[in-house]
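Engineer: One structure is given below, represented as structure tokens, and several questions about it will come after.
In full-length UniProt numbering, the protein residues as written are 1 to 1053.
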């Protein structure tokens, strides 16, 4: 792995988690101070901020939204909610808990609707938040230690997460919160907390001592008391010198400064616990295998302890290095708690119990692999360095920045029976992060060590180019508004904070307009940014619109940069987590979460075409077939070269040239052409490319295409990779969070595939009309297929970028009732009814709740499963070859009364009977009754003889009775159905007209009974170039004259 040849196989998909307090979705709980008596005081759940907030917008943004510590705790598989995102906020005074489950059980009552914010009387100590689960009941145990040396224990039941247990009037602090102040803290200051289970925790003290706190049956807790009872024990190293070190200051090792404190070199800063797999079996045989505790201290020492007995079993250097001479300074680690150890609970030899991977933060990226040896009866016999003479150092992602490894995780490789493991490494450089992955075998690390792959960020958050030239001020505003308010790009907190900062520094002298409370966030921004620009006059007194447009664009650039700078702060990675059951890997950010999913095959080609020759073996071996067509060897090489040619050509089309190409291609895609395909290709080439490609760009294009063995096969290989999806979308129920992740990943896949298809169309034109290139047989047929697929991705791209308010249908029955009552209008009040909706996009509207990945066992294939779900979801929309999906989208928009967006979508509806029907319904809602009547008639014959089973979205527009009596029952029933629609629209003239048509059709049917014939809407045809069953596409285009000739433009080498 070098700086010049990264191999990208994973994608970082960032998910915004707006902590919206609308409808009481945030529950603030103020915890009591520590006291020794009983309490009957109810907790406070009001939205009250305990401390004064900062005045500056940027400081307030950090205070409210940026966590200083965050991670995800994974509960046992049978619990729900199972994935708990915890964050420390507001100067470490608040602990926030949120469910981030990707899927939910089919019998779940609903989703936890709240983010719980626990306010502590004192600030939370760094590294002093721990979690455990009670084994005999569904209860989450949370340990928190504050700077007041008080340990809070929160026992949160399933009812608590549904808010019923915490909001009832009889709720007491002692129902879920208990406090404890260990007596040991009077002489020893705590440093780091380690949660063992629901009754046991460890505390690392600053003088190097380990304190064990354990509940005992001999100290029962009073239900009316809000204090916990623990037995305090200290771990012993088992030597006389250790006895004196703990009690005599001059025997203690040196200290290092940590904040305001001085901590010992022997203080524990990292830990890992191993619970033997044969623990219960061995107890039945009379031999008990103790759980093991591994710790790392500041002095670079790795220690093994018996967790139950509290005695030291083994101690060595963290990297098994020899001790330095007395004249040389000993290697020291940062005293901040960190993750330096991980246990791999598997074994590949009879004498190996498990494996341990350690990492030293004192070096750039050095790892050590250990094996825990066991005896004949299974007892632990110590750690053995598997590679005593080898060093394994990870190289940083780039060489032009200072990178440090923050965390690492080890997970099994999904579906692998050879013992391969994933090593995930989180690199950080200031607020920037990068995740790398290595697949290795623990007994043969050296063979795999130089096969690192990297995760690449999504393309959604980069600043766009300059707006098109020769446009009005309204065009400039629309251009930037479309980018800023693209769904999923920026959170509301960023937009509001950036707006406040912009007002503070960039307002014009005329003053800032006052916000209208009725205005939406989009309306406020659309008013505010132009409000910072003054319209000057030229020397002759006329308005200087040129200067105004330039300054307006400058203000939009400033606002967009403020947003992106704030977004960088939000995206700082705080931890790396891996779900032990599903295999999902995430980075938890300061304000959000990022999933690491495997690249689809098209994404892999797009990100690696420049370095393919250097990483060919890795790409061929590690690209799963289920994420594409399984291209390999020459087929993959040609596809890579073709993607490279398409990307280079796309990058050479800048400014007006790109705008012209995109506009003409969109017209070609959406309009039904009347000319032969060869003439349409020639027209597109002449209007877009002829004479526009520079010699340098031409040389790059020629170099890439001439190296290909078979360019025509390369085209079809890429198309098969883009559109091949195995299985069916949907196996488990998605949560709202899971839906956000799936939509965010789909949006990125759509963007990549759209760019590839755009480039392929113009590469085909270049190959056909430029001289000296390989022959393409039957280019007009390939051109038609590219247009069909480009049409699909034009619609998907529009769906992904069009914001939409979606009704929130994923609430429990209790929350539906509560929110419904909250939205009722009181008689005599001016308060309007509030419709419960969530922000999203048209793409998210079409996502079914049953689109989750299949349940996973120990196979752990999460990084692949998300990308598989994305491909299956996009395929399930049925947007290829004028499939039903086009009309389904229009019907769904009408179903939620999104008439304005439905009107915008009309241009994508196909000329099919179902497409005409949906178009007519949209026109009728728009009160274009004349046009609607004509369009209804176009759909008549198709729907009169259609099979309703083919129309999955028709139920959103028709009742069950209409569906059974109007569609596929002949023209009279269809016309009668349309007449009823006009009656509802209060259009009596058209009611009469369609009743007359129904009577006329009824008479015709009596004389000539109709035969049932299939309508032109049929199930989606198989992909990969098979002919469509749609009559609009049943005719195969005539063989083009271009099949055997090319028309050159006189370009010579």
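Where is the CB? At the ideal position from N, CA and C, for every residue including glycine.
1. Using C-beta distances below 8 angstroms, list every residue in its chain close to residue 733, excluding the 5 sequence neighbours before and after it, in chain order.
2. May I ask you to verify whether the stretch 529 to 537 touches the stretch 583 to 603, counting CB pairs closer than 8 angstroms and requiring at least 3?
3. Which first and last residues belong to the beta strand (DSSP E) in which residue 752 is found?
4. Identify which residue in 143, 930 and 564 has its Cα closest to the Cα of residue 464.
5. If contacts are defined as beta-carbon pairs under 8 angstroms, then residue 373 and residue 353 qualify, I think. What distance do you get, rounded to the angstrom?
6. Starting from residue 803, trace the beta strand (DSSP E) in both directions and tell me its first and last residue.
7. Looking only at its own chain, which residues have a Cβ that is under 8 angstroms from the Cβ of residue 332, when we skip the five neighbours before and after it?
8. What's the gap between the Cα of residue 750 and the Cα of residue 882?
9. Thinking C-alpha only, which one of 714, 844 and 503 is nearest residue 740?
10. Measure the beta-carbon distance from residue 497 to residue 57 and round it to whole angstroms, keeping in mind my assumption that it falls under 8 angstroms.
11. Which residue from 268, 291 and 267 puts its Cα closest to that of residue 1129?
12. Per DSSP, which one or two residues make a beta bridge with residue 315?
13. Can you give me the C-alpha to C-alpha distance between residue 801 and residue 602, rounded to a whole angstrom?
14. Within 10 angstroms of its Cβ, does residue 259 collect 16 or more other Cβ (buried), or is it exposed?
15. Taking 7 angstroms as the limit between beta carbons, can you name the residues of its chain near residue 666, skipping five residues before and five after?
16. Run through the DSSP bridge pairs and tell me what residue 145 is partnered with.
17. In chain order, which continuous runs of the alpha helix (DSSP H) of length 4 or greater are located wholly inside the stretch 576 to 637?
18. Taking the beta strand (DSSP E) that residue 28 falls in, what are its first and last residues?
19. Report the option in 85, 98, 62 and 337 whose CA atom is closest to the CA atom of residue 193.
20. In this structure, does DSSP put residue 783 in helix, strand or coil?
21. State buried or exposed for residue 691, treating a residue as buried only when at least 16 other CB atoms are found within 10 Å of its CB.
22. What is the DSSP secondary structure of residue 852, reduced to helix, strand or coil?
23. So, does the stretch 395 to 404 touch the stretch 471 to 490, judging by three or more C-beta pairs under 8 angstroms?
24. If you draw a straight line from the alpha carbon of residue 645 to that of residue 762, how long is it in whole angstroms?
25. Give me, in chain order, the residues of the same chain whose beta-carbon lies closer than 7 angstroms to that of residue 16; leave out the 5 immediate sequence neighbours on both sides.
26. Within 10 angstroms of the Cβ of residue 518, are there 16 or more other Cβ atoms? Answer buried if so, exposed if not.
27. Where do the N-terminal and C-terminal ends of the beta strand (DSSP E) with residue 1054 fall, by residue?
28. Might you give, ordered along the chain, the residues of its own chain that have their beta carbon closer than 7 angstroms to the beta carbon of residue 918, omitting 5 neighbours on each side?
29. Taking 7 angstroms as the limit between beta carbons, can you name the residues of its chain near residue 792, skipping five residues before and five after?
30. Do three or more CB pairs link the stretch 616 to 626 to the stretch 752 to 762 at distances below 8 angstroms?
31. Can you give me the Cβ contacts of residue 754 inside the same chain, cut-off strictly under 7 angstroms, excluding the 5 residues immediately before and after it?
32. Can you grab the Cα-Cα spacing for the pair residue 1028 / residue 784, in whole Å?
33. Which of the three DSSP states is assigned to residue 938 in this structure?
34. What is the C-beta distance between residue 993 and residue 940, in whole angstroms, given that I count them as a contact (C-beta under 8 angstroms)?
35. Considering only C-alpha positions, which residue in the set 295, 309, 310 and 976 is nearest to residue 316?
36. Could you say if the stretch 342 to 361 and the stretch 148 to 162 meet the contact criterion of at least three C-beta pairs nearer than 8 angstroms?
Structural biologist: Per the coordinate set shown:
1. Excluding sequence neighbours, residue 733 sits near 103, 104, 105, 106, 108, 849, 850 and 852.
2. Touching, no.
3. If you look at residue 752, you'll find it isn't in any beta strand (DSSP E); it sits in the alpha helix (DSSP H) that goes 736 to 769.
4. Comparing Cα-Cα distances from residue 464 to each of 143, 930 and 564, the minimum goes to 564.
5. Between the beta-carbon of residue 373 and that of residue 353 there is about 7 angstroms, and that keeps the pair under the 8 angstroms contact cut.
6. In this chain, the beta strand (DSSP E) harbouring residue 803 covers 803 to 807.
7. Close CB contacts of residue 332 within its chain, under the 8 angstroms cut and outside five residues either way in sequence, are with 256, 265, 298, 299, 300 and 362 (chain order).
8. Their Cα atoms are separated by approximately 18 angstroms.
9. When the alpha-carbon of residue 740 is set against those of 714, 844 and 503, the nearest one is in 844.
10. Indeed, because the Cβ distance is near 5 angstroms, the residues count as touching under 8 angstroms.
11. An answer regarding residue 1129 cannot be provided, because it is not within the stretch 1 to 1053 covered by the chain.
12. DSSP lists 303 as the beta-bridge partner residues of residue 315.
13. Between the C-alpha atoms of residue 801 and residue 602 there is a straight-line separation of about 21 angstroms.
14. That one is exposed.
15. Residues of the same chain with a CB within less than 7 angstroms of the CB of residue 666, apart from the 5 flanking positions on each side, are 794 in chain order.
16. BP columns for residue 145 point to 151.
17. The stretch 576 to 637 is shown to contain whole alpha helix (DSSP H) runs of 4 or more residues at 601 to 608 and 612 to 622, in chain order.
18. Per DSSP, residue 28 belongs to the beta strand (DSSP E) from 26 to 30.
19. The shortest Cα separation from residue 193 among 85, 98, 62 and 337 belongs to 337.
20. Helix, per DSSP.
21. Of the residues assessed, residue 691 falls on the exposed side of the cut-off, its CB having fewer than 16 other CB atoms within 10 angstroms.
22. Here residue 852 sits in strand by DSSP.
23. Touching, no, given that fewer than three Cβ pairs across the two stretches are closer than 8 angstroms.
24. CA-CA distance, residue 645 to residue 762, rounds to 10 angstroms.
25. Cβ neighbours of residue 16 beyond the five flanking positions: 488, 491 and 592.
26. Burial call: exposed.
27. The question about residue 1054 has no answer, for the chain in this structure spans 1 to 1053.
28. Once the five neighbours on either side are set aside, the close Cβ partners of residue 918 are 887, 890, 891 and 909.
29. Contacts found: 879 and 880.
30. Three or more beta-carbon pairs separated by less than 8 angstroms are not found between the stretch 616 to 626 and the stretch 752 to 762, which leaves the two stretches without contact.
31. Taken in chain order, the residues that qualify are 793 and 797.
32. With a pLDDT of only 38 at residue 1028, under the threshold of 50, the placement of this residue in the model should not be trusted, and no figure is reported.
33. In the structure shown, residue 938 falls within a helical segment according to DSSP collapsed to helix, strand and coil.
34. About 13 angstroms; that fails the 8 angstroms criterion.
35. Taking only the C-alpha atoms, the option nearest residue 316 is 295.
36. Too few Cβ pairs lie closer than 8 angstroms, so no.
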